[in-house]
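As numbered in my numbering, residues 3 to 198 make up the sequence shown, in order. Note that CB positions come from ideal geometry on N, CA and C, so glycine has one too. What you are looking at is a predicted structure, and each value in this text was computed from that prediction instead of being measured. As structure tokens, the structure follows; a few thoughts come after it.
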Amino acid sequence: MQATIFHYGSVSLIKEPSRSTHIEAINYAKMCGSILSYAPNLTVPLWPSTEAAREGIMSIWNYADVIKVSVEEIRILTEGNDPYDDKMIMKKLFHHNLKLLLVTEGIKGCRYYTKDFKGWVYGFEVEAIDTTGAGDSFVGGFLSILSAHKHIYKDEKILREALDFANACGAATVTGRGAIPSLPTKSSVLRVMLTY
């Protein structure tokens with residue numbers, strides 16, 4: 003059985019043997035034809051230094067087909083460059099194998115970059131109780147749509163609809179407490195989309 007999508011973060015890159023196992027899994031998934039989705043989910047205190055985090059995260063950057071980063075992660079990964087500078091983002095973060103780069107901005111929504119188009123999808127203004135898990139929920143929501151539309155990066159209309167859904171997933175998550183307990187159901191995501 004083949005996975006449609008292989009999604010991964012960066013924490014397992016910090017130490018061996020998880021680092022080499024992580025890279026082996028990426029290579030195997032790529033060889034099997036899976037879409038590689040990478041959300042570094044950078045937590046600097048887990049790494050020996052900010053530089054080590056940057057180097058570790060970037061060491062597997064060029065493997066990914068889809069990457070999701072936050073504005074703050076862009077600042078760290080580009081050593082303080084303006085995270086809103088589209089030209090810099092395309093030059094420093096968009097690699098030749100990448101099909102889609104997503105930049106989350108919390109309540110403001112998200113930006114997207116492909117080889118052919120770029121844009122911004124507005125977020126949902128909800129009353130936030132706890133932001134823990136919002137990024138994971140965003141990614142999960144997006145990947146659920148990507149699994150059904152493998153070439154989403156070629157169709158801007160479907161991409162924007164998927165990102166609207168992903169933004170609603172993140173918004174629904176912040177209305178509860180805790181990363182796992184606040185993960186939304188599809189009905190609660192649709193409620194956010196209809197209400198806000």
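- Comparing C-alpha distances from Lys110 to each of Gly172, Glu75, Lys17, Arg179 shows the shortest one belongs to Gly172.
- Of the residues Gly125, Lys32, Tyr65, the one whose Cα lies closest to the Cα of Ser12 is Tyr65.
- As computed with DSSP, Gly121 is found in a beta bridge with Tyr114.
- DSSP places His24 within a helical segment (H, G or I) once states are collapsed to three.
- DSSP places Phe140 within a helical segment (H, G or I) once states are collapsed to three.
- Between the alpha carbons of Ile147 and Ala164 lies a gap of roughly 6 Å.
- In the three-state reduction of the DSSP assignment, Thr197 falls in the helix class, which pools H, G and I.
- Comparing C-alpha distances from Glu57 to each of Asn169, Glu127, Ile16, Pro85 shows the shortest one belongs to Ile16.
- Residue pairing by DSSP leaves Leu100 without any beta bridge partner.
- The straight-line gap separating the alpha-carbon atoms of Leu79 and His151 is approximately 29 Å.
- Rounded to whole angstroms, Tyr155 and Ile28 show a C-alpha spacing of 21 Å.
- Around the beta-carbon of Phe140, 16 or more other beta-carbon atoms lie within 10 Å, marking it buried.
- Taking a cut-off of 8 Å for Cβ pairs, the stretch 42-51 and the stretch 69-79 touch, as three or more such pairs fall below it.
- When DSSP states are grouped into helix, strand and coil, Val128 belongs to the coil group.
- Residue nearest to Lys32 within the set Glu127, Ile62, Ala170, Gly121 is Ile62 (criterion: CA-CA distance).
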